[in-house]
Amino acid sequence: MTAGLQAEQEAAVDLPRLNRTLRPSAKPPTRIVHLGLGAFHRSHQAWYTHRAGDAADWGIAAFTGRRPDAALALAEQDGLFTLVERAGAGDSFEVVGSIVEAVDGANVQRLAELVSAPETAVVILTVTEAAYRLGTDGQLDRSAPDVVADLALLASGSGNPTTPLGRLVFALAARRSAGAGPLAVVCCDNLSNNGTVAHNAVAGIAGAWDPSLAAWIDANISFVSTSVDRITPRTTDADVAAVAESCGYHDTSPVVAEPFANWVLSGDFPAGRPRWEDAGAVFVADIEPYENRKLWLLNGAHSLLAYAGQLRGHTTVAEALRDNSCLHAVEQFWDEAESNLHGADLQIPAYREALLARFGNTRIAHHLAQIAMDGSTKLRMRAVPVLQAERAAGRSGAAAALMIAAWMDFTAAAATVQDPLADEIAAANRLSGTGRIRALLGLVNPALAGDAAVVGMIADLCGTFGEPAVSP
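According to this note's numbering, the sequence shown is numbered sequentially starting from 736.
Shown next as structure tokens:
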């Protein structure tokens, strides 16, 4: 920490703390429950709800995931936080008041109380792709250790489940017992057909515990698919200091985001919903083209830059994009993805141009290490579909394969790999030659691992980004 930053933070201690007395803001009634309280939820769904035309009717009770820290900090501010929109020309600041209760995710009894309340109409999920415990077949992996543990806890009645979806199943059981009626579960994680994925995971856990609960879920709970988009890096000490200096109050939990935001939704809301369209959300009948555009062009490029960029010595998206070898790889992948994107009004050329501008925003420090986590899960949605579509069309799919090769090189070079299959990745990396390639690829897609041509192509592509970039 620099001396100047330390001085700014010490000065901020003397400022009043952000709360609803300092910034008068009536708490709307709780009608939304959210799982996965973090920066992205606050910059996206909470922001859209705050800006809805009927925001006064829709409050959010947000539950953390692994740790209670975010809930503890927000609770001291009555749920208020500052959204910092960081554009090239400067920052703008907005206090968001849609979160009315911030709760430790381990408080499963409070979750059950809120989900079973008849006023609750919507449950929103931002629990990361890995939390759905998908197997390579796209279904719930019932053998995953945490799924097995949750099922044992649910069956015994002696403890609270520990995973987000296990907790949601527990809460939905309470809603059934209360006779509170239907509601909508809105999945906002970066998965293709994410509403269906969420249904399969929730119904899978429920069915393994109590088949009658799974039947009730199928009859009463709507699973809404979405495409979500807003670059939201981790908040830094400098961001906290900037809010204090510009706003005149102390906020321990500001969120920094780019000015761009996009939310596309498809599905039913049997108990109602906020007028998110007033804030720019779009409701469509067929979401798949929008999901694929975002998953392949934005998220796919992010993954490619995360692995290639770190191998080349970069730390942020903007840095990696200035490296011509990384930029060329992204554009080649986008060409492949674009060949397989079909749907009206997708405006792919304009979307690509906008992405380059967004990625190049040097005032948004989007760290590659953050994006690189959970690669074995993310690549299934970001690289594999494009590679398979290209090969089905008689083309090589080399650009999509390069993303997988970069991930493989990264897993071998990184000191630690944050991934639900970290142990399996480490074991695969102890192999050599095509055996290593095949083992790693099998963790992402077993069918591709059985294709000798694909294995050979990826083997040839490994090492592409192995030489560090020369510092400017």
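Just so you know, even glycine gets a beta-carbon here, dropped at the ideal spot from N, CA and C.
No experiment lies behind these values; they were computed from the predicted model shown.
Am I right that residue i and residue j are in contact with their C-beta atoms under 8 Å? What's the rounded C-beta distance?
i     : j     : result
L753  : H1063 : Rounded, the Cβ-Cβ distance is 45 Å, inconsistent with contact.
F1018 : E1026 : Contact doesn't hold; Cβ gap of about 14 Å is too wide.
D826  : A977  : 7 Å
V1121 : A1072 : 5 Å
D1070 : A1134 : 7 Å
V835  : T817  : The pair is not a contact, with the Cβ atoms about 17 Å apart (cut-off 8 Å).
A806  : L772  : 6 Å
A837  : L815  : A837 to L815, Cβ: 10 Å. No contact.
A936  : L900  : 5 Å
A992  : E1159 : That belief does not hold up - the Cβ atoms of A992 and E1159 are roughly 34 Å apart, past 8 Å.
A979  : L750  : 6 Å
Once the 5 residues before and after residue i are set aside, which same chain residues still bring their CB inside 7 Å of it?
i     : result
A938  : A949, I952 and D953
L1081 : P1024 and R1028
S1206 : Annotation note: pLDDT 35 at S1206 (below 50); position unreliable, coordinate value reported separately. Excluding sequence neighbours, S1206 sits near nothing in its chain.
N1180 : T871, R1115 and V1119
Q1067 : A1134
A742  : For A742, the predicted structure reports a pLDDT of 44, less than 50, and the residue's modelled location is therefore unreliable. A value from the coordinates is still provided. Excluding positions up to five away in sequence, the list is empty.
A915  : S851, A852 and P853
Y1086 : R1028 and L1032
A1014 : Y783, R786 and A787
Given residue i, which residues of its chain have a CB within under 6 Å of its CB, disregarding the five upstream and five downstream residues?
i     : result
E854  : R766
A908  : L948
F1004 : A919
L1168 : Contrary to the premise, residue 1168 reads as Gly rather than Leu in this sequence. So no residue of the chain qualifies.
V1189 : L1183
Quick one: what's got a C-beta closer than 8 Å to residue i's C-beta in the same chain, skipping five residues either side?
i     : result
S1001 : G930, V959, S960, T961, F1018, V1019, A1020, D1021 and I1022
P803  : D839, G840 and A841
H776  : H769, A797, I859, T861 and C923
F905  : V843, L846, A847, L889, N895 and P896
K1113 : E864, N925, N1034 and S1038
I1083 : R1028, L1032, E1073 and L1076
Count the other CB atoms within 10 Å of the CB of residue i; is the residue buried (16 or more) or exposed (fewer)?
i     : result
N1096 : buried
P989  : buried
N928  : buried
T737  : Any reading at T737 must be qualified, since the residue scores a pLDDT of 48, below 50, and its modelled position is unreliable; the value itself is stated next. By the 10 Å Cβ count, T737 comes out exposed.
P759  : exposed
D843  : The sequence shown places Val at residue 843, rather than the Asp named in the question. Buried, because 16 or more other Cβ atoms sit within 10 Å of the Cβ of V843.
S912  : exposed
A1162 : exposed
T799  : buried
Q1153 : exposed
E864  : buried
P1155 : buried
S1038 : buried
A887  : exposed
R801  : exposed
T1151 : exposed
T756  : exposed
D813  : buried
A824  : exposed
G1170 : exposed
D972  : exposed
G1129 : exposed
A1204 : Interpretation of A1204 is limited by its pLDDT of 42, a score under 50 that renders its predicted location unreliable; the figure taken from the coordinates is listed afterwards. Buried, since its Cβ has 16 or more Cβ neighbours within 10 Å.
G1044 : buried
A781  : buried
Do the CB positions of residue i and residue j come within less than 8 Å of each other?
i     : j     : result
S833  : R965  : no
L1103 : L1176 : no
N1164 : A1184 : no
W998  : A1016 : yes
L903  : V857  : no
A1174 : L1166 : yes
A1107 : F1145 : yes
R1010 : A761  : no
P994  : A822  : yes
A774  : T898  : no
I956  : V882  : no
R1117 : N1059 : no
R1047 : F1200 : yes
T967  : V975  : no
M1192 : S1111 : no
F828  : C1061 : no
So, is the C-beta of residue i closer than 8 Å to a C-beta in chain C?
i    : result
R755 : Absent from the structure is chain C; it holds one protein chain and no more.
The segment 791-799 touching the segment 763-783, judged by at least three CB pairs closer than 8 Å: yes
contact_flag[the segment 837-856, the segment 866-879] where n(CB pairs < 8 Å) is 3 or more: no
At least three beta-carbon pairs within less than 8 Å, the segment 887-900 to the segment 916-924: no
Three CB pairs or more closer than 8 Å across the segment 1138-1145 and the segment 1070-1089: no
Touching by the beta-carbon criterion (3+ pairs, under 8 Å), the segment 1122-1129 and the segment 1040-1060: no
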